[in-house]
Structures are given as structure tokens and as C-alpha cells.
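Asks:
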Amino acid sequence: MDATRLDSLLAAVPLPLVLIDAEARLMAANRAALAILGEAMLGRHFGLTIRQPALLAAIEAGLRQGQAGQARYGGGGAAHEASYLVSVTPVAGDGQQGVLCAFQDITEQEQIGQLRRDFVANVSHELRTPLTALVGFIETLKGAARDDAVARARFLDIMEREAGRMNRLVHDLLQLSKVEAEERLRPTEAVDLVALIKAVAASLRPLAESAGVGVEITGADGPLSVAGDPDQLTQVFQNLIENAVKYGHPGKLVTVAFTPLARDAGLRGQALRVDVIDRGEGIDPQHLPRLTERFYRVDSHRSREMGGTGLGLAIVKHIVNRHRGRLAIASAPGQGSTFSVILPAR
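In C-alpha cells:
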């Protein structure tokens, strides 16, 4: 096959392809492959461009033994650490043996796998800590503290807290799994968000009073409706308002502000914006992009002290996504935080 026809054939394939001849030279490649390996690779020995041992061995086996194989290849530079699964296929022409290398981008699968491994590790850690405490206190109660009523009562209180922590974690894990499973199913029920949030604020009044924080609702002169799941929207604003109460300063107000929008650029239509504003310490901007990650905490110790599982904002994000809305977070140290939920208006 002449070079022009070969180049045309390779160019017609969207998958990155590289042809290596019997002399181990990179004799042809399409644009997708050149973007991975670089323009200067053509005509050179493949070992000068491809430096990863597993792929080098697979190519050698294809050239010398006519053996097909697969190997992983990572490249693309620091800005984009892409991962590829390379299929090496022997090809014969003019009595000579070459190989065709096809690069399949598996970056997304790799990232998903890493997220899954990180998630399992985090869950294991979050459960192991209270379990270790429970086992330790049980052993103590069976031994030295068996007949000490004061110590027994103190240990049982701690055990109750740790068991409650595990229960909250398991509950949030189940909620997150449920929300993720339903994320593509857009809810259609009419929900009066004003009535819903007033009910949430009323349920949190004892917590707010004990924290010395007031909760005010503004811009809610009448019903404001969205299409939604009332239980999940209750969970969203329960989480956001509760966090605002917990992290707000005593004597300061938490404000829940309604703003109807004639048009939201992100949602491309009419929308309803609800801002939950606290006057607490605020959050350093470097943390803001990661706040909705599972188990991400700005202050792990304080979060656990307040009963947080590290999953609340991840659940909020998925619920808002299910409602085809947006979650926006603005904060700065010393200036409090604003968590904004923007939902399509009904």
C-alpha cells in the first residue's frame, strides 16, 4: 500500500493508530496518535518515543513473534495525564512483519476506579474509628470498669455517641446511593419552596436557639413553586440551614433569601434562587471547589464534633443535579458563607 493511501486510511479512523514497520520504525500515524506521541516521532525507532516497558515488550513480541497483545500507556504531559490501553496487532505486508498499535483512552475509567477505591478507603476509615472505640470500651466494661458505676455510665455515653455516628454514616451512605440512582429521573411534583423552607426552619428552631443563632427568611411574600421531590428538597435545605446554624456566630443571623430570576444563564430560563447565608468564620477559597466531594472536610475534627459525616454536601449536590438546578458556594475568611440553590421555576 502506498504512503498516501495508508495515510488516508489511518486519518479516517478516530482511534489513535500507529504503524510500526519491520525495522521497528514508526512509519505512519494519524493525527490523533501524533497528538499523543508528538510530531517528531515519525521515522524514528519506536523505543525512542515509547519508553514504557510493558508496551515496548508487547511491540517487540508483535514484531519478532507475530504475537498480539495489550499494554497500558500513560502520556500527555503534566497538564493532562491521560491513560491508554494499547492493542498491538501484527500486520504483514511485502513479506515483512509490522505491528499496528491502537490507543484506547481509558482515562475516565481509571479516574472512576480511583474514586471508587478512595471511597471504599474513606468509608472503611470512617467506620473503623468508632468501631475501634466501641470495642475498646466494651473490653474495659468487661474488665476494670465492671463494678465502677461512674466509669460505666461515662463509657456507655461515649459508646452511644460512637454508635450514633456510625448510624448517621450508614444512613447518609444509603441516601447518597439512592440519590445517585435516581439522578437521571427528573421530579415533576409541584413544591411550594416557601412553605417547605419555613417548615425546615421551624424544625431547626431548637438547634438555633441552643446555638444562639436566629434564622430569618426574606423575599418570601407568597408561594414560590418548583418542580421537585419534596422529601429530597427538604433534605437539601435541612442540610444547608443546619450547617449555617452550626457554623454561624452566636448572636448573628442566618438568612434564607428568596430571589425569583426572570432568566438564569446557566439554566437558560426562569429560575428561583435560594441563598442560605451565615455570618460565621467563612471558608478559605482554596477549599470551595472540593466542598461537595465525598468525605471532604475543611476542619475534620470540628465536623465530627458537630456530628457531620462528610457526605452532606455531596448529597445536596446530587439532589440539586437531579432537579436540573445549580449549587453555588461563595465564602471568604471572616465574611461568612453563602450557599445558593438555583432551581428552574415552575
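Just so you know, the sequence shown maps onto residues 317 to 662 in the numbering used here. By construction, the Cβ of each residue, glycine as well, lies at the ideal position given by its N, Cα and C atoms.
Tell me the start and end of each unbroken alpha helix (DSSP H) in the stretch 605-659 that is at least 4 residues and wholly inside, in chain order.
Replies: Inside the stretch 605-659, DSSP marks whole alpha helix (DSSP H) runs of 4 or more residues at positions 616-621 and 628-638, from first to last along the chain.
Asks: So, for H603: in the same chain, excluding its five sequence neighbours on each side, which residues have a beta-carbon less than 7 Å away from its beta-carbon?
Replies: As a first step, residue 603 must be located in the sequence shown, where it is residue number 287. So the list reads V614, once near-sequence residues are dropped.
Asks: Looking at the secondary structure, which residues open and close the beta strand (DSSP E) in which Q586 lies?
Replies: Numbered from its first residue, the sequence shown carries residue 586 at position 270. G585 to D594 is the span of the beta strand (DSSP E), which, as asked, contains Q586.
Asks: Drop a sphere of 10 angstroms on the beta-carbon of G393, count the other beta-carbons inside from all chains shown, and report buried for 16 or more, exposed for fewer.
Replies: Counting from one through the sequence shown, the residue named residue 393 turns up at place 77. Residue confidence is low: G393 scores 44 on pLDDT, short of 50, so the model does not pin down where it sits. Its coordinate-derived value is still stated next. Label assigned to G393: exposed.
Asks: Starting from I454, trace the alpha helix (DSSP H) both ways and give me its first and last residue.
Replies: Position 138 of the sequence shown holds residue 454. Looking at the DSSP string, the run of the alpha helix (DSSP H) that includes I454 is T423 to K458.
Asks: Who are the Cβ neighbours of A377 in its own chain at under 7 Å, not counting the five residues just before and after it?
Replies: The count along the sequence shown starts at 1 and reaches residue 377 at position 61. Contacts found: Q383 and G385.
Asks: How about V570: is its Cβ closer than 6 Å to a heavy atom in the ligand MN?
Replies: This structure does not include the ligand MN; it has no bound ligands of any sort.
Asks: Would the stretch 418-432 and the stretch 446-464 be scored as touching if the rule is three or more Cβ pairs under 8 Å?
Replies: Contact between the stretch 418-432 and the stretch 446-464 is absent, because fewer than three Cβ pairs lie under 8 Å.
Asks: Straight-line CA distance for A648 to D464?
Replies: Residue mapping note: residue 648 aligns to position 332 of the sequence shown, counting from 1. Residue mapping note: residue 464 aligns to position 148 of the sequence shown, counting from 1. Taking the straight line joining both Cα atoms gives about 49 Å.
Asks: Let's test the definition: count the other Cβ atoms within 10 Å of the Cβ of A395 and tell me whether it reaches 16, buried, or not, exposed.
Replies: Residue numbering aside, residue 395 sits at position 79 when the sequence shown is read from its first letter. Below a pLDDT of 50, predicted positions are generally treated as unreliable, and A395, at 42, falls in that range; the measurement from the model is reported next regardless. Per the 10 Å Cβ criterion, exposed.
Asks: For the candidate residues K458, V486 and G544, whose alpha-carbon lies nearest to that of E499?
Replies: Walking along the sequence shown from the start, residue 499 turns up at place 183. Ranking K458, V486 and G544 by Cα distance to E499 puts G544 first.
Asks: Below 8 Å, how does it come out for the stretch 454-473 and the stretch 483-493: are there three or more Cβ pairs, yes or no?
Replies: no
Asks: Assuming R579 is part of the beta strand (DSSP E), what are its boundary residues?
Replies: Here residue 579 corresponds to residue number 263 of the sequence shown, with the count starting at 1. Counting along the chain, the beta strand (DSSP E) containing R579 begins and ends at L569 to D580.
Asks: Could you tell me the distance, in whole angstroms, from the CA atom of D547 to the CA atom of F362?
Replies: Along the sequence shown, one-based indexing puts residue 547 at 231. Along the sequence shown, one-based indexing puts residue 362 at 46. So the alpha carbons of these two residues sit roughly 59 Å apart.
Asks: Taking the alpha carbon of A630 as the reference point, which residue from Q651, V552, L588 and E558 has its own alpha carbon closest?
Replies: Along the sequence shown, one-based indexing puts residue 630 at 314. Residue V552 is the option with its Cα nearest to A630.
Asks: Based on the DSSP secondary-structure assignment, which residues constitute the bridge partners of H361?
Replies: Taking the sequence shown and counting its residues from 1, the one referred to as residue 361 is at position 45. Paired residue(s): R341.
Asks: Buried or exposed, going by whether 16 or more other CB atoms sit within 10 Å of the CB of Q381?
Replies: Residue numbering aside, residue 381 sits at position 65 when the sequence shown is read from its first letter. By the neighbour-count criterion, in which 16 or more other beta carbons inside 10 Å mark a residue as buried, Q381 falls on the exposed side.
Asks: Out of G535, G390, M482 and G650, state which residue places its alpha-carbon closest to the alpha-carbon of D600.
Replies: Locating residue 600 in the sequence shown gives position 284, where the first residue counts as 1. Minimum Cα distance to D600 is reached at G650.
Asks: Please list, in chain order, all residues of the same chain as M343 whose beta carbon is under 8 Å from its beta carbon, the five residues on each side excluded.
Replies: Against the sequence shown, residue 343 aligns to sequence position 27. Cβ neighbours of M343 beyond the five flanking positions: L335, I336, D337, L358, G359 and G414.
Asks: Roughly how many angstroms separate the alpha carbons of L331 and R638, rounded to a whole number?
Replies: Translated into the one-based positions of the sequence shown, residue 331 becomes position 15. Translated into the one-based positions of the sequence shown, residue 638 becomes position 322. The alpha-carbon atoms of L331 and R638 are separated by roughly 33 Å.
Asks: Roughly how many angstroms separate the alpha carbons of N555 and I422, rounded to a whole number?
Replies: Against the sequence shown, residue 555 aligns to sequence position 239. Against the sequence shown, residue 422 aligns to sequence position 106. Straight-line Cα distance between these residues: approximately 36 Å.
Asks: T550 by DSSP, collapsed to three states: which one?
Replies: As a working note, residue 550 is residue 234 in the sequence shown. It is helical.
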